[in-house]
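Protein chains in written order, with my numbering: chain R, 1 to 100; chain B, 101 to 268.
By construction, the Cβ of each residue, glycine as well, lies at the ideal position given by its N, Cα and C atoms.
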């Protein structure tokens, strides 16, 4: 049997890679993809703990996370399209109207 | 050699490699394709955790629906490769360093944990992670959150149309 610790370490690595991408990349679409990576890392943690305790509530949580991720992707991509239409760029450094 | 451990190793390495390609690829299309492969390998990991139903949903919803949406937007906006920029700003360097720091902290903390999977009897093993058991939990204990999520999806759908459409 694979120890649950390995799964948790994999999830931690995946989450930090997603966080790295969110903080370092400038393309808004790639930033969204990295958010999806982080959500998947959370799902993996839920499922690992569900397996550790041998009960299914973690699977329900993962199911809800996937549904919320779908809603987030739809809204986020719509915002990206709207920003691209008004500014002609999806670079997060160019979108700074709300700064200061 | 334990076959489960070998499979876990293969899937874990491929997941991390694909995730690395997502964050390093210059073209958003390459990032999206690497993300699809990340989702597939993660579905393999879910199966190793006996979460067959969630693995199937992962492939259907994530690798299917959500990634099609991403590819659709990338092609709609017709973005090319990211231009070469000068030095990254101090904020970005700090952000990257903080992500690495978080990884170090998490690795040390989780490394001390000795978590083992639960030992289930044959009956519990057969029922664990099946669509029937998940459905029973969702439609009894989690009925209200389930309805809230369906409402959230409806709101997201209407919101996406309102935000993305130039004239209604």
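Report the rounded CA-to-CA distance for residue 149 of chain B versus residue 45 of chain R, giving the unit in angstroms. Spanning the two alpha carbons is a distance of roughly 11 Å.
Check whether the Cβ of residue 238 of chain B sits closer than 8 Å to any heavy atom of the ligand GTP, and report yes or no. For the structure depicted, the ligand GTP is absent and the ligand set is empty, with no information on it obtainable.
Spatial neighbours of residue 42 of chain R within its chain, please: C-beta separation below 8 Å, excluding the five flanking residues on both sides. Cβ within range, chain order: 11, 15 and 65.
Using 8 Å as the threshold, is the region 223 to 237 of chain B in touch with the region 19 to 27 of chain R, meaning 3 or more CB pairs across them? Because the criterion of three Cβ pairs below 8 Å is not met, the region 223 to 237 of chain B and the region 19 to 27 of chain R do not touch.
Give a yes or no on whether the minimum CB-CB distance between residue 339 of chain B and chain R is below 9 Å. With chain B running from 101 to 268 in the structure shown, residue 339 of chain B is simply not present.
I want to see whether chain B comes within less than 9 Å of residue 5 of chain R, judged by CB atoms only; does it? For residue 5 of chain R, the closest Cβ of chain B is nearer than 9 Å.
Using the C-alpha atoms, what's the distance from residue 59 of chain R back to residue 127 of chain B? Distance between the alpha carbons of residue 127 of chain B and residue 59 of chain R: 34 Å.
For residue 95 of chain R, go through chain B and note every residue whose CB falls closer than 9 Å to its CB, in chain order. Simply none; closest approach about 14 Å.
Please list, in chain order, the residues of the region 72 to 90 of chain R that have any C-beta partner in chain B closer than 7 Å. With the criterion set as a beta carbon lying under 7 Å from some beta carbon of chain B, the members of the region 72 to 90 of chain R are 73, 74, 75, 77, 78, 79, 80, 81, 82, 84, 85 and 90, in sequence order.
Check whether the region 185 to 202 of chain B touches the region 117 to 124 of chain B, taking contact to mean three or more Cβ pairs, one atom from each stretch, closer than 8 Å. Output reads no: the region 117 to 124 of chain B does not touch the region 185 to 202 of chain B.
Contact with chain B by residue 30 of chain R, beta-carbon distance below 9 Å: Yes, residue 30 of chain R lies at the interface with chain B (some Cβ there is under 9 Å from its Cβ).
CA-to-CA distance, residue 3 of chain R to residue 270 of chain B, given in whole angstroms: Only positions 101 to 268 of chain B appear in the structure, and residue 270 of chain B is not among them; the question remains open.
Between the region 229 to 253 of chain B and chain R, which residues of the former have CB atoms less than 7 Å from a CB of the latter, in chain order? For the region 229 to 253 of chain B, which is checked against every Cβ of chain R, the residues closer than 7 Å are 229, 233, 234, 237, 238, 242, 245, 249, 252 and 253.
With DSSP as the reference, please indicate the residues paired to residue 91 of chain R in a beta bridge. Beta bridge pairing from DSSP links residue 91 of chain R with R:27.
Residue 78 of chain R in three-state terms, based on DSSP: Looking at residue 78 of chain R - three-state DSSP - the assignment turns out to be helix.
With a cut-off of 8 Å on the beta carbons, I'd call residue 253 of chain B and residue 71 of chain R a contact; round off their distance for me. Contact holds; Cβ gap of about 5 Å.
Going by the beta-carbon positions, is the gap between residue 210 of chain B and residue 57 of chain R smaller than 9 Å? Cβ atoms of residue 210 of chain B and residue 57 of chain R: not closer than 9 Å.
Does any C-beta atom of chain B lie closer than 9 Å to the C-beta of residue 42 of chain R? Judged by the 9 Å Cβ criterion, residue 42 of chain R is not in contact with chain B.
I want to verify the contact list: residues of chain B whose CB lies under 8 Å from the CB of residue 68 of chain R, in sequence order. For the C-beta of residue 68 of chain R, the chain B residues within less than 8 Å are, from N- to C-terminus, 249 and 252.
Under the three-state DSSP convention, the category residue 140 of chain B falls into: Helix at residue 140 of chain B.
What do you get for residue 162 of chain B, buried or exposed, if any count of 16 or more other CB atoms within 10 angstroms of its CB means buried? So residue 162 of chain B counts as buried.
Chain-order list of residues whose beta-carbon lies under 6 Å from that of residue 145 of chain B (same chain, five-residue window excluded): By the criterion of a C-beta distance shorter than 6 Å, residue 145 of chain B is surrounded in its chain by 111, once the five residues flanking it on both sides are discounted.
Check each candidate in B:158, B:265, B:208 and B:213 and name the one with the smallest Cα separation from residue 139 of chain B. When each option's Cα is compared against that of residue 139 of chain B, the closest is B:158.
For residue 108 of chain B, collect the residues of the same chain with a Cβ closer than 8 Å to its Cβ; drop the 5 residues on either side in sequence, then sort them by chain order. Correct list, in chain order: 145 and 148.
Does chain R have any CB closer than 9 Å to the CB of residue 215 of chain B? It does; some Cβ of chain R falls within 9 Å.
Identify the continuous alpha helix (DSSP H) that holds residue 233 of chain B and give its terminal residues. Residue 233 of chain B -> alpha helix (DSSP H) spans 231 to 240.
Just the chain B side, please: which residues come within less than 7 Å of residue 45 of chain R by C-beta, in chain order? Ordered by position in chain B, no residue passes the 7 Å Cβ test against residue 45 of chain R, which lies about 10 Å from the chain.
Chain R beta carbons: is any one of them nearer than 9 Å to that of residue 257 of chain B? Chain R, which has a Cβ nearer than 9 Å to the Cβ of residue 257 of chain B, makes this yes.
Just to confirm my understanding: we take residue 31 of chain R, look at its own chain, exclude 5 residues before and 5 after, and list those with CB closer than 8 Å. What are they? Here residue 31 of chain R has 21, 22, 25 and 92 as same chain residues with Cβ atoms under 8 Å from its own Cβ, once five neighbours each way along the sequence are excluded.
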